[in-house]
Amino acid sequence: MSWSKTFEELDKSVHDRNSFDCGELELNVFIKTQAAKHMQAGISRTMVLPSNIPLLNNKFSICAFYSVAPSSISRETLPAKLAKKLPQYPIPVFLLAQLAVHNEFHGHGLGKISLIKALKYLWEVNHHMRAYAIIVDCLTDSAQQFYVKYGFEVLCEYRGRTRLFLPMKTVEQLFNQ
Ligand SMILES: CC(C)(COP(=O)(O)OP(=O)(O)OC[C@H]1O[C@@H](n2cnc3c(N)ncnc32)[C@H](O)[C@@H]1OP(=O)(O)O)[C@@H](O)C(=O)NCCC(=O)NCCS
1 MSWSKTFEEL DKSVHDRNSF DCGELELNVF IKTQAAKHMQ AGISRTMVLP
51 SNIPLLNNKF SICAFYSVAP SSISRETLPA KLAKKLPQYP IPVFLLAQLA
101 VHNEFHGHGL GKISLIKALK YLWEVNHHMR AYAIIVDCLT DSAQQFYVKY
151 GFEVLCEYRG RTRLFLPMKT VEQLFNQ
């Protein structure tokens with residue numbers, strides 16, 4: 001099995017959610033039972049990278065996925081140098097709510113590809129509706145190391161997780177070349 005060329009919106013009738021396994025129960029449960037409901041409720045969008053060959057049930061395996069949603073942070077959580085330039089009310093950000101790669105493909109660069117696709121997606125949304133930064137709440141220390149490797153910085157602790165951020169200005173520099 002190998003992955004197809006483009007990410008597309010999760011579609012229960014096309015993508016086989018049950019066979020997805022990234023090794024983290026919470027993310028497996030999310031893609032199987034919550035991602036589609038959250039999209040229907042209008043609170044997040046999940047993009048999946050399907051396999052290029054269908055399964056016996058005619059659906060396509062999910063090789064990787066990411067979910068994004070609008071969110072906000074309080075300026076007090078930001079480093080003082082950045083906070084002083086911002087207003088007192090909640091600062092709009094994009095939440096990279098989930099990102100995972102199927103076990104079968106770990107260590108082949110698909111995590112990096114998925115992250116770049118998610119950042120590019122949010123950079124494009126930012127053309128229409130501005131956000132200050134992209135935030136991510138890390139499920140594990142290992143996930144934190146993965147994001148830090150790509151320039152995310154620690155913002156604060158949030159609900160028992162480390163919240164990281166990447167300023168949208170940094171994302172712009174990445175794609176505006
Ligand atoms: C974290 C995850 C997305 C990485 O996917 P992957 O396809 O194995 O990663 P890649 O092969 O693209 O690795 C890209 C780079 O990140 C590094 N990397 C991968 N996983 C890492 C980890 N857990 N910690 C630190 N670095 C990591 C790789 O060594 C590689 O570095 P290199 O380019 O210098 O060689 C994947 O392991 C996963 O789905 N884990 C379970 C879900 C999860 O924890 N998601 C984050 C939720 S907050």
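If you read the sequence shown in the numbering used here, its first letter stands for residue 1, the second for the next number, and so on.
Backbone N, C-alpha and C fix where the C-beta goes; we use that ideal spot for every residue, glycine too.
Just so it is clear, the structure is predicted and the values come from calculations on it, not from any experiment.
Exercise for the section: Would you kindly work out how many angstroms separate the C-alpha atoms of Lys-59 and Met-47, rounded to a whole number? Expected result: 16 Å
For His-15, does the count of other Cβ atoms within 10 angstroms reach 16, so buried, or fall short, so exposed? buried
Is Gln-145 a contact residue of ligand 1, with contact defined as CB to any heavy atom under 7 Å?
yes
| request: May I ask you to check if the CB of Val-14 is nearer than 7 Å to at least one heavy atom of ligand 1? | output: no
> Mapping DSSP to helix, strand and coil, what is Ser-142?
Replying inline: helix
_Where Gly-109 falls, given that 16 or more other Cβ within 10 Å makes a residue buried_ = exposed
Helix, strand or coil at Met-168 [DSSP, three-state]
helix
Quick one: Cα of Thr-33 to Cα of Ser-142, how far? 24 Å
- Would you tell me roughly how many angstroms separate the C-alpha atoms of Ser-13 and Ala-36, rounded to the nearest one? 11 Å
Determine the DSSP secondary structure at Met-47, reduced to helix, strand or coil.
strand
Contacts around Asn-126, its chain only, beta-carbon distance under 6 Å, and the 5 residues preceding and following it disregarded: Met-168
Three-state secondary structure (DSSP) at Phe-64?
The question names Phe, yet the displayed sequence has Ala at residue 64. Ala-64: strand per DSSP, three-state reduction.
Measuring alpha carbon to alpha carbon, tell me which residue in Lys-84, Gln-98 and Arg-75 is nearest Cys-22. Gln-98
Quiz item: Shorter than 8 Å from the beta carbon of Leu-164 to some beta carbon of chain C?
Solution: Among the chains of the structure shown, chain C does not appear; only one protein chain is present.
Exercise. Would you check if the region 82-98 and the region 117-137 touch, i.e. whether three or more CB-CB distances between them fall below 8 Å?
Key: yes
* To do: Give me the Cβ distance between Met-1 and Ser-71, rounded to the nearest whole Å; I'm assuming they're in contact under 8 Å.
  => Not a contact, Cβ separation roughly 34 Å.
**Message:** Can you determine whether any heavy atom of ligand 1 sits closer than 7 Å to the C-beta of Glu-104, and answer yes or no?
**Reply:** no
Proximity below 8 Å, CB of Ser-114 to CB of Ala-64:
yes
| message | According to DSSP, Gln-98 sits in a beta bridge with which residue or residues? | response | Ser-67
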